[in-house]
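Asker: Below: one structure in structure tokens.
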Ligand code: SF4
Ligand code: SF4
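Here is the structure:
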């Protein structure tokens, strides 16, 4: 019997978590680790390991094929370009605290797509080899250029079998024409809502008249279109964290069951001022407290709520083929299946790449609507697209679930070859995966009930939290 | 119950005949139009010959593709127009003798692939054709040939092929690669993760080992598989284990159908010993479903009346019992869920069935 | 300290300052593990930049600043050696995996 290489990490109570490269996992102890390393596993060990997909007799064994299948399904395939994030204008009618770099004043000129860019962009769409398309309008405030939105949408509807649109709007001032635009069945709304009135107001809307306009538009969006069409994302400042219960309550009141807690992604000077290392602990402390409150909420109520990213990590732990979140995939191919098109027609692989480039630290553009993709620049970015060969990740228990974030590394450190454990991405994900596994092995019925909800089944099953005694 | 065979008057043919019956329009090649309607019968024009079908309701046959075998006094409705449940019974031979088999095997075999081929070509656009037996893969050269030929002429047709998975081997790989895999779903039973239990249930030594190998072979060749597990007293307590086993060792399986017993054939003979009353204890099934869900394997519950399943698991129930053998009980007429509920098999023995059934 | 918290940022002391304050330890390495020592030491070296590790014949001489506990350090070092050994011994399986998935 052969054992697939196991990686390990100490978890609570002196237990070790073991994982293999196809994402299988179990907990055991030091004695097992020693038996394994010394090559003196018992028959019971082998029997457990084969049953759980960690060992195989030979390459004709179904356990071997099963492992290969699971491993292969975790690889994110390169897929066709069919998703665009457009910045038709950088102008905005708000001045949110952490958004200095990605906005321009409402009245400024020279921050919008011109006719040439629009024409070139539509021209590039007609060359795509896809039947379906997804367009996300960002900004600035995209509703300031409703005319461009209309034209793009019309073009896509006429040229693709299936087209879907998301408007990322601050819902600050929405004209009747804009409401009509947003009302279409193929068009979705994504807005920012920081979860607590005071926080939202202090970070974004500032003045109470402005804030009440937002509030009434938010209400209108939800009552008119419902949660199937409208989503709201909070952005939280580590130095001004809200009370979890209040956030949960305000989301539930809007009918939302999924809350994606995002931390303010400081750029430029602000990033230096709010160093990641100083805030990581505070953030994780808040995050855990938030999830505790969710667990409590789900125990008391039938309308279960999730933290989106935690559910996503749990799904990536238990399942293969979960590639639906572009921030965590392996390999995380950049500039292939989706592209950001900036107000000046430049292509960027991600929105963060666009912002990093704006502050002039690095140029991460990979072409533009006129000349197309710059394949050479894209290749350079993709040279470290996977964690398969990373000298740290290869020893990490979480490698199968994780994925690299080249842009974040570049934007913070200006390079991609620093030891993983020194990067914000790795520290943050290590902490998140540690937490996820604490939950997976929790014996608390309240936690287990929430896990069932988050994993989409009536009841969580501890058989999946295997232990080798 | 919808009849699958309909009586006809003697009809002078020496080879099997496949035609589509239609109420209107002239008869052209492959079709037969109505020429006369009488009391309890209807006459069709089959290339100038008159075919008399004894039915009080000729409209029900409109658009059906039917098979008439020489010397037989009935026609077979191979593809019933508008029905999602059309199955070609390829053979009655089988190398297993599963304790719940609804079609106990017979030794004799009549090869009907040619008429099946003609019938498939006459089927409506995008129809799904079930292939069943016995064990269809006992005649795998003919079956593969049939599939390839139909796919060449009718790429729109979907196949759902029920096989015990015992008869694939490495030599089949070139053909498996040539078939349009997106339009074939192999329905393959597996009853337990314990080889002994599985072998006992299918009454064939070594069946599990072969099955395990062939599931992997199909997966490697990119074929889609629906795993099918009939629950019995013999295997129900191993369902959680089976769920772990399948999601671990067979990650390419697309769906898992967990099925209640059908009381016909051996299933009827062994009903007393093997019927598991899931209305009394759903736990072992729930465990199997939960584990599969968490691991991302889509599960479906077949043949479970909704009121026998705890509320959180009802969303996994499918309306699976074929229309022609489906029935409801008197209590169902007051039930708000009847439209979503699969009901019961025509031959369901109420007195020996679920202990708790009642309108929702 | 949680023994496996090697991933927490490590306090960096200037080596020149505490050169004299390093406590010295001797660590014997079982002969069957010596083959994996070099890569493990290289890795541990950057996880614990303030520690000094010198390979001697069949043992390691270790210098640790005050804030590092010898037992924890030894644990981490052995983990590192195990990891290298496991990776090395997994080569055949990894190769078989690649052949099965990519045909090479
Ligand atoms: S980035 Fe960090 S957490 Fe992710 S696989 Fe690599 S070492 Fe592990
Ligand atoms: S009462 Fe009849 S229709 Fe209603 S759920 Fe039960 S079996 Fe189905």
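Chains as they are written, first to last, in my numbering: chain A, 16 to 484; chain B, 392 to 751; chain C, 4 to 107.
Just so it is clear, CB atoms sit at the ideal spot from N, CA and C, and this is done for glycine as well.
How is residue 368(A) classed by DSSP in three states: helix, strand or coil?
Answerer: Against the first chain, residue 368(A) aligns to sequence position 353. Helix.
Asker: Would you mind sorting residue 57(A) into buried or exposed? The rule is 16 or more other CB atoms within 10 Å of its CB.
Answerer: Counting from 1 along the first chain, the entry for residue 57(A) is found at position 42. The residue is exposed, with fewer than 16 neighbouring Cβ atoms inside 10 Å.
Asker: I'd like to check one pair, residue 709(B) with residue 473(A): are the Cβ atoms closer than 8 Å?
Answerer: Translated into positions along the first chain, residue 473(A) becomes position 458. Translated into positions along the second chain, residue 709(B) becomes position 318. It is not a contact, given that the beta carbons lie outside the stated cut-off.
Asker: If you reduce the DSSP assignment to three classes, tell me which class residue 428(A) lands in.
Answerer: Within the first chain, residue 428(A) is the residue found at index 413, counting from 1. Residue 428(A) falls in the helix class under three-state DSSP.
Asker: Using DSSP with H/G/I as helix, E/B as strand and the rest coil, what is residue 549(B)?
Answerer: For this step, residue 549(B) is matched to residue 158 along the second chain. Of the three classes helix, strand and coil, the one that applies to residue 549(B) here is strand, per DSSP.
Asker: Quick one: list the residues of chain C neighbouring residue 74(A), beta-carbon separation under 8 Å, in chain order.
Answerer: Residue 74(A) sits at position 59 when you count from the first residue of the first chain. Near residue 74(A) (Cβ distances below 8 Å), the residues of chain C are 99, 103.
Asker: What is the DSSP secondary structure of residue 13(C), counted as helix, strand or coil?
Answerer: Counted from its first residue, the third chain places residue 13(C) at position 10. Note on residue 13(C): pLDDT 35, under 50, position unreliable in the model; the coordinate value appears next. DSSP, read as helix, strand or coil, puts residue 13(C) in coil.
Asker: Give me the residue from 420(A), 412(A), 47(A) with the minimum Cα distance to residue 63(A).
Answerer: Taking the first chain and counting its residues from 1, one reaches residue 63(A) at position 48. Ranking the options by Cα distance to residue 63(A), first place goes to 47(A).
Asker: With a 10 Å radius around its C-beta and 16 neighbouring C-beta atoms as the bar for buried, classify residue 199(A) as buried or exposed.
Answerer: By 1-based counting over the first chain, the position of residue 199(A) is 184. With fewer than 16 Cβ atoms within 10 Å of its Cβ, residue 199(A) is classed as exposed.
Asker: Taking residue 93(C) as the query, report the chain A residues whose CB atoms sit under 8 Å from its CB, ordered along the chain.
Answerer: As a first step, residue 93(C) is located in the third chain; it is residue number 90 there, counting from the start. Within chain A, the residues whose beta carbon sits less than 8 Å from that of residue 93(C) are 19, 20, listed in sequence order.
Asker: Helix, strand or coil: which one does DSSP assign to residue 35(A)?
Answerer: As a position in the first chain, residue 35(A) is number 20, starting the count at 1. DSSP places residue 35(A) in coil when its eight states are reduced to three.
Asker: Mind checking if residue 48(A) is an interface residue toward chain C, Cβ cutoff 8 Å exclusive?
Answerer: Numbered from its first residue, the first chain carries residue 48(A) at position 33. Interface residue, yes.
Asker: Tell me, please, which residues DSSP counts as bridged to residue 183(A).
Answerer: One-based indexing of the first chain puts residue 183(A) at position 168. For residue 183(A), which the question treats as bridged, DSSP gives the partners 205(A).
Asker: With distances taken from CA atoms, which of 738(B), 681(B), 571(B), 612(B) is nearest residue 479(A)?
Answerer: If you number the first chain from 1, residue 479(A) lands on position 464. Among 738(B), 681(B), 571(B), 612(B), the Cα nearest to that of residue 479(A) belongs to 681(B).
Asker: Taking all protein chains shown into account, decide if residue 746(B) is buried (16 or more other Cβ within 10 angstroms of its Cβ) or exposed.
Answerer: The residue you call residue 746(B) lines up with position 355 of the second chain. It is exposed - the Cβ of residue 746(B) has fewer than 16 other Cβ atoms within 10 Å.
Asker: Can you tell me whether residue 321(A) is buried or exposed? The criterion is at least 16 other CB atoms within 10 Å of its CB, across all chains shown.
Answerer: On the first chain, residue 321(A) is found 306 positions in, with the first residue counted as 1. Result: buried.
Asker: Can you confirm whether residue 635(B), when its beta carbon is compared against all beta carbons of chain A, has any partner nearer than 8 Å?
Answerer: By one-based count along the second chain, residue 635(B) stands at place 244. Residue 635(B) counts as touching chain A.
Asker: Looking at the C-beta of residue 434(A), does it have a partner C-beta in chain C at a distance below 8 Å?
Answerer: Position 419 of the first chain holds residue 434(A). Answer yes: the Cβ-Cβ gap between residue 434(A) and chain C drops below 8 Å somewhere.
Asker: Which whole-angstrom value describes the C-beta separation of residue 718(B) and residue 695(B), a residue pair presumed to lie in contact below a C-beta threshold of 8 Å?
Answerer: Indexing the second chain from 1 puts residue 718(B) at position 327. Indexing the second chain from 1 puts residue 695(B) at position 304. Actually they are not in contact, since the Cβ atoms of residue 718(B) and residue 695(B) sit about 15 Å apart, beyond 8 Å.
Asker: Which same chain residues, not among the five before or five after residue 686(B), have their C-beta less than 7 Å away from its C-beta?
Answerer: Numbered from 1 along the second chain, position 295 holds the residue referred to as residue 686(B). These residues qualify, in order along the chain: 638.
Asker: Which full runs of the beta strand (DSSP E) of 3+ residues lie inside the region 351-399 of chain A, going along the chain?
Answerer: 353-356
Asker: Would you please verify whether the beta carbon of residue 77(C) is less than 8 Å from any beta carbon of chain A?
Answerer: One-based indexing of the third chain puts residue 77(C) at position 74. Residue 77(C) does not count as touching chain A.
Asker: Could you give the DSSP three-state label for residue 17(A): helix, strand or coil?
Answerer: Indexing the first chain from 1 puts residue 17(A) at position 2. In the structure shown, residue 17(A) sits in a strand (DSSP, three-state: E or B).
Asker: What is the residue span of the beta strand (DSSP E) that residue 580(B) lies within?
Answerer: Looking up residue 580(B) in the second chain gives position 189. Residue 580(B) -> beta strand (DSSP E) spans 575-580.
Asker: Measure the C-alpha to C-alpha separation of residue 483(A) and residue 743(B) and round it to an integer number of angstroms.
Answerer: Reading the first chain from its first residue, position 468 is the one you call residue 483(A). Reading the second chain from its first residue, position 352 is the one you call residue 743(B). Residue 483(A) and residue 743(B): Cα-Cα distance of roughly 43 Å.
Asker: Any C-beta of chain B within less than 8 Å: which residues of the region 63-91 of chain A qualify?
Answerer: 66, 67, 68, 75, 77, 78, 80, 81, 84, 85, 88
Asker: Per DSSP, what kind of secondary structure is residue 27(C) in: helix, strand or coil?
Answerer: On the third chain, position 24 is the one that residue 27(C) refers to. Three-state result, residue 27(C): strand.
Asker: Using a Cβ-Cβ cut-off of less than 9 Å, list which residues of the region 384-410 of chain A approach chain C; keep chain order.
Answerer: 406, 407, 409, 410
Asker: Would you mind listing the alpha helix (DSSP H) stretches within the region 96-134 of chain A that are 4+ residues and don't spill past its ends, in chain order?
Answerer: Correct list: empty.
Asker: Closer than 7 Å to a non-hydrogen atom of ligand 1 - does that hold for the CB of residue 626(B)?
Answerer: Mapped onto the second chain, residue 626(B) falls at position 235. Not so, every heavy atom of ligand 1 lies at least 7 Å from the Cβ.
Asker: Would you say residue 93(A) reaches chain C, if we count a Cβ-Cβ gap shorter than 8 Å as a contact?
Answerer: The sequence position of residue 93(A) within the first chain is 78, counting from 1. For residue 93(A), no CB of chain C lies under 8 Å from its own CB, so it is not counted at the interface with that chain.
Asker: Are the CB atoms of residue 187(A) and residue 126(A) nearer to each other than 8 Å?
Answerer: As a working note, residue 187(A) is residue 172 in the first chain. As a working note, residue 126(A) is residue 111 in the first chain. For residue 187(A) and residue 126(A), no; Cβs fall outside 8 Å.
Asker: Name the residues in the region 328-355 of chain A whose C-beta lies less than 8 Å from a C-beta of chain B; which are they?
Answerer: 330, 333, 334, 335, 336, 337
Asker: Taking only three categories from DSSP, how would you classify residue 560(B)?
Answerer: In the second chain, residue 560(B) corresponds to position 169, counting from 1. Residue state, collapsed to three classes: coil.
Asker: Should residue 651(B) be labelled buried (16 or more other beta-carbon atoms within 10 Å of its own) or exposed?
Answerer: Position 260 of the second chain, counting from 1, holds the residue named residue 651(B). Under this definition residue 651(B) is a buried residue.
Asker: Just verifying my parser: in three-state terms, what is the DSSP assignment at residue 708(B)?
Answerer: Taking the first residue of the second chain as position 1, residue 708(B) is located at position 317. Here residue 708(B) sits in strand by DSSP.
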